[in-house]
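A.B. asks: Chains as they are written, first to last, in my numbering: chain A, 1 to 372; chain B, 1 to 372.
Beta carbons: idealized from backbone N, C-alpha and C, even for Gly.
Every value quoted in this text rests on a predicted model; they were computed, and no experiment measured them.
(1) Return no unless some Cβ of chain B is closer than 8 Å to the Cβ of residue 3(A).
(2) Determine, using beta carbons only, whether residue 39(A) comes closer than 8 Å to chain B.
(3) Using three-state DSSP, classify residue 290(B) as helix, strand or coil.
(4) Exposed or buried, which one is residue 391(A) when buried takes at least 16 other CB atoms within 10 Å?
(5) Which residues of chain B have a Cβ atom closer than 7 Å to the Cβ of residue 141(A), listed in chain order?
(6) Spell out a yes or no on whether the region 310-330 of chain A and the region 342-358 of chain A are touching, meaning 3 or more CB-CB pairs, one atom from each, closer than 8 Å.
(7) Identify each residue in the region 124-139 of chain B for which the Cβ-Cβ distance to at least one residue of chain A is less than 8 Å, and report them in chain order.
(8) If you draw a straight line from the C-alpha of residue 3(A) to the C-alpha of residue 144(A), how long is it?
(9) Whose Cβ in chain E lies nearer than 9 Å to the Cβ of residue 108(B)?
(10) For residue 321(A), count the other beta carbons within 10 Å of its own beta carbon; 16 or more makes it buried, fewer makes it exposed. Which is it?
(11) Taking just the CA atoms, how far does residue 83(B) sit from residue 17(B)?
(12) Could you give the uninterrupted runs of the alpha helix (DSSP H) lying entirely in the region 65-134 of chain B, keeping only those of 4 residues or more?
(13) Tell me whether residue 266(B) is buried or exposed, calling it buried when 16 or more other Cβ atoms sit within 10 Å of its Cβ.
(14) Compare the Cα-Cα distances from residue 318(B) to each of 208(B), 368(B), 290(B) and 305(B) and report the closest residue.
(15) Exposed or buried, which one is residue 280(A) when buried takes at least 16 other CB atoms within 10 Å?
(16) Beta-carbon of residue 333(A) versus every beta-carbon of chain B: anything under 8 Å?
(17) Can you confirm whether the region 123-139 of chain A touches the region 193-208 of chain A when touching is taken to mean that 3 or more C-beta pairs between the two stretches lie within less than 8 Å?
(18) Hey, does residue 178(B) have any beta-carbon neighbour from chain A nearer than 8 Å?
(19) Just the chain A side, please: which residues come within less than 9 Å of residue 174(B) by C-beta, in chain order?
(20) Quick check on the DSSP output: what are the complete alpha helix (DSSP H) runs of length 4 or more inside the region 6-52 of chain B, in order along the chain?
(21) What are the boundary residues of the alpha helix (DSSP H) that includes residue 266(B)?
(22) What residues in the region 185-217 of chain A have a beta carbon less than 8 Å from any beta carbon of chain B?
(23) Residues in the same chain with beta-carbon distance under 8 Å from residue 212(B), minus the five sequence neighbours each way, listed in chain order, please.
(24) State the DSSP-derived secondary structure class of residue 196(A), mapped to helix, strand or coil.
(25) Compare the C-beta of residue 32(A) against all C-beta atoms of chain B and say whether one is closer than 8 Å.
(26) When the cut-off is 8 Å and only beta carbons count, does residue 20(B) lie next to chain A?
(27) DSSP three-state label for residue 349(B), please.
(28) Can you grab the Cα-Cα spacing for the pair residue 367(B) / residue 337(B), in whole Å?
(29) Taking the alpha helix (DSSP H) that residue 233(A) falls in, what are its first and last residues?
(30) Are the CB atoms of residue 272(B) and residue 310(B) nearer to each other than 8 Å?
(31) The alpha helix (DSSP H) that contains residue 354(A), what's its start and end?
(32) Quick one: what does DSSP say residue 60(B) is sitting in, helix, strand or coil?
(33) Are the beta-carbon atoms of residue 396(B) and residue 128(A) separated by less than 8 Å?
(34) Please name the residue in 55(A), 19(A) and 91(A) whose C-alpha comes closest to that of residue 43(A).
(35) So, at 6 Å on beta carbons, what are the nonlocal neighbours of residue 1(B) in its own chain, with the 5 sequence-adjacent residues on each side left out?
(36) Output needed for residue 251(A): all residues of its chain with C-beta closer than 6 Å, excluding positions within five of it in sequence on either side, in chain order.
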């Protein structure tokens, strides 16, 4: 693993992050198995999970880190703190995903059985006593707890190596925790508490969930943490966040669209899965409040219906399209993309090198042009 | 709140800890409610939970902290780092309890509905859609996640104020997390995986769960963290841990005894609750392997039986008593108490003041003489 240099090559950086996570989790597996080998599956599930994913957050942290070096005197060429930060972001996400899959009762994650399903399988295969589903929930709660705790451990390792910047980065890291967990809860409350009186309120709720549960910790905080930990100015941090966050929101809005209109062959999710879950997205909010009354009621009645057919899903697509909900969300995605492009101009003025800007543009492209 | 001085009075110290937790959680409630007031119950449940409890871990941290001052030059009279450490220990415990109550399906905690039951009640009272029990689990998972994350936030605040000792204390704090979560999982695995071939293996498993899930984080780590954070020598840390840990193990063995033999009027738990849960304690391990074959089979068949009657519980008490399991555990508690007394002598040699020793003895008394 390279321990010095800025890792100018993204593939090389991602490989180094994967290696850091692998080494860390292997050490943790040893520590846990030394207590009792029967506890090793708690770590195995995290090892499997952390092998997948796009490593989007590490890449954004890497961009923020390199941006900071443009201005700051290079105190150290050691990239170990950056790798620890990147691994912390990945384990924080792993914790969120593992607990979220229990909460949403999602059976698959990254084309594998989700962690609670893995523990159910282990319970069944071992012929153990008691409730299989509850054992699955238990294993996933505790695997997620370890991931959450280890994210902090890795962050502390990063912060210890950069004492001058630890406090500022720590504030952002902690705020990220509170916001994501709060966003997860609000998402569930929106699902169970049903429709709102006004479109405005429905959109506000959906945007709050989207921003705090997903967008900020996927874009703004990683790039800001990379910059803050490397000692970048607060002006630079803010400019990076301003360019990154609209992309995170656009990414999630696209996710909402794909959840209803996506091609199952490309998304890997069955048609209408978001509808069966009863997710109250902005797309749905516009549909409910802009469709003719009968169509709106039809849409409302289908939300959260586990028996929703493919035909029902097609009907919902038609309602959302003719009510203008789809085009409204598409326009919002465009507006957000334009806002990011505007903020990017500030980054040019702040002296970011063409190499960093190119890497930022590649992430932006990945975020807004997704089809899966 | 006193912000300076050593807080020589235990009641004053506990009051200051309660105040620190109250202030911290009030700030957090504001932060969470600013995102959306609907998320406030996530914090309310932690506020209610943290009002109860004996504050055992804070008191041990306070003893460790004061022990360190005996040798070290007094750099600061500020007790704020100690209060933050104490609050971190309490929130870490809150996280463990909230998730454990989901895992054990315990409906009450500290004479109140446990957190997942509180969220079930809220779901029902609001007339919300979907599965009430699952909403309860969701709320408890996320409340526990916040508590876990905020424990780290509070610890970071403590550590930032004591930079010279932060690294060493941080290692202990992190190890505590990994061990407790691992212990929680092993506890469940022991319950579902059934009897072991040998008494030795059954006792080893029970002792591992007891040590890692409960004893260490209740005694050894709090006193060690207080000492380490204040800059006490590693010799002193080790001596404090050696005196504290046997008490933590004895406390849990007493807990196992009370779980079967305790007076419900005193313990607040129905007779035989541990048996219904199927907890494989050392007491049970001795009973299973030392009772005559028929009685052993009887005992095994009753473990984890939710329909266990009071009469069954009385029969199990008789089996455990006549097999010598009860007296064996009582003897072990005595042996552990003696080991702590021996280790305490070392603390005298290390120059601990009579005041600190008196406070330590009071905690020791509380730990080994409990009846509830």
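C.D. replies: So, to answer that:
(1) Stepping through the first chain from its first residue, residue 3(A) is reached at position 3. The predicted position of residue 3(A) is uncertain, since its pLDDT is 40 and thus under 50; a value taken from the coordinates is nonetheless stated next. No, no contact with chain B.
(2) In the first chain, the residue the question calls residue 39(A) occupies position 39. Cβ-Cβ to chain B under 8 Å: yes for residue 39(A).
(3) Indexing the second chain from 1 puts residue 290(B) at position 290. Three-state DSSP puts residue 290(B) in a helix.
(4) Given a span of 1 to 372 for chain A in the structure shown, any question on residue 391(A) remains unanswerable.
(5) The residue labelled residue 141(A) in the question sits at position 141 within the first chain. Listed along chain B are 99, 102, 103 and 141, each with a C-beta nearer than 7 Å to that of residue 141(A).
(6) no
(7) Result list: 126, 128, 129, 130, 134, 135, 137, 138 and 139.
(8) To locate residue 3(A), count along the first chain from 1; it is residue 3. To locate residue 144(A), count along the first chain from 1; it is residue 144. Residue confidence for residue 3(A) is low, a pLDDT of 40 falling below 50, so the modelled location carries little weight and cannot support an answer.
(9) Among the chains of the structure shown, chain E does not appear; the protein chains present are A and B.
(10) To locate residue 321(A), count along the first chain from 1; it is residue 321. When all chains shown are included, residue 321(A) counts as exposed.
(11) One-based indexing of the second chain puts residue 17(B) at position 17. One-based indexing of the second chain puts residue 83(B) at position 83. Between residue 17(B) and residue 83(B), the C-alpha separation is close to 6 Å.
(12) Those alpha helix (DSSP H) runs which fall completely within the region 65-134 of chain B and span 4+ residues are 80-104 and 115-126.
(13) In the second chain, the residue the question calls residue 266(B) occupies position 266. Exposed, by the Cβ-count rule.
(14) In the second chain, counting from the first residue as 1, residue 318(B) sits at position 318. Measuring from the Cα of residue 318(B), the nearest candidate turns out to be 290(B).
(15) For this step, residue 280(A) is matched to residue 280 along the first chain. By the 10 Å Cβ count, residue 280(A) comes out buried.
(16) Indexing the first chain from 1 puts residue 333(A) at position 333. Judged by the 8 Å Cβ criterion, residue 333(A) is not in contact with chain B.
(17) no
(18) The residue you call residue 178(B) lines up with position 178 of the second chain. Yes, contact with chain A.
(19) Within the second chain, residue 174(B) is the residue found at index 174, counting from 1. Those are 149, 150, 152, 153 and 156, listed as they occur along chain A.
(20) 10-35 and 41-51
(21) Mapped onto the second chain, residue 266(B) falls at position 266. Residue 266(B) -> alpha helix (DSSP H) spans 264-267.
(22) 185, 186, 188, 189, 191, 192, 193, 194, 205, 208 and 212
(23) Mapped onto the second chain, residue 212(B) falls at position 212. So the list reads 179, 180, 182, 183 and 186, once near-sequence residues are dropped.
(24) Working through the first chain from its first residue, we reach residue 196(A) at position 196. Residue 196(A): coil per DSSP, three-state reduction.
(25) Residue 32(A) sits at position 32 when you count from the first residue of the first chain. Output row for residue 32(A): interface = yes.
(26) In the second chain, counting from the first residue as 1, residue 20(B) sits at position 20. Cβ-Cβ to chain A under 8 Å: no for residue 20(B).
(27) Taking the first residue of the second chain as position 1, residue 349(B) is located at position 349. In the structure shown, residue 349(B) sits in a helix (DSSP, three-state: H, G or I).
(28) Translated into the one-based positions of the second chain, residue 367(B) becomes position 367. Translated into the one-based positions of the second chain, residue 337(B) becomes position 337. Cα to Cα, the separation comes out at about 10 Å.
(29) The sequence position of residue 233(A) within the first chain is 233, counting from 1. Per DSSP, residue 233(A) belongs to no alpha helix (DSSP H) and is neither H nor E.
(30) Taking the first residue of the second chain as 1, we reach residue 272(B) at position 272. Taking the first residue of the second chain as 1, we reach residue 310(B) at position 310. Going by C-beta atoms, residue 272(B) is nearer than 8 Å to residue 310(B).
(31) Here residue 354(A) is taken as the residue at index 354 of the first chain, counted from 1. It spans 354-368 - the alpha helix (DSSP H) in which residue 354(A) sits, taken as one unbroken run.
(32) Working through the second chain from its first residue, we reach residue 60(B) at position 60. The answer is helix: DSSP assigns residue 60(B) an H, G or I state.
(33) Past the boundaries of the shown model lies residue 396(B); chain B is included only from 1 to 372, so the question cannot be answered.
(34) Reading the first chain from its first residue, position 43 is the one you call residue 43(A). Taking only the C-alpha atoms, the option nearest residue 43(A) is 91(A).
(35) What you label residue 1(B) is simply residue 1 of the second chain in a count that begins at 1. Because residue 1(B) sits at a pLDDT of 33, beneath the cut-off of 50, its placement in the model cannot be relied upon, and the point is left open.
(36) For the purposes of this step, residue 251(A) is identified with residue 251 of the first chain, where counting begins at 1. Correct list, in chain order: 367.
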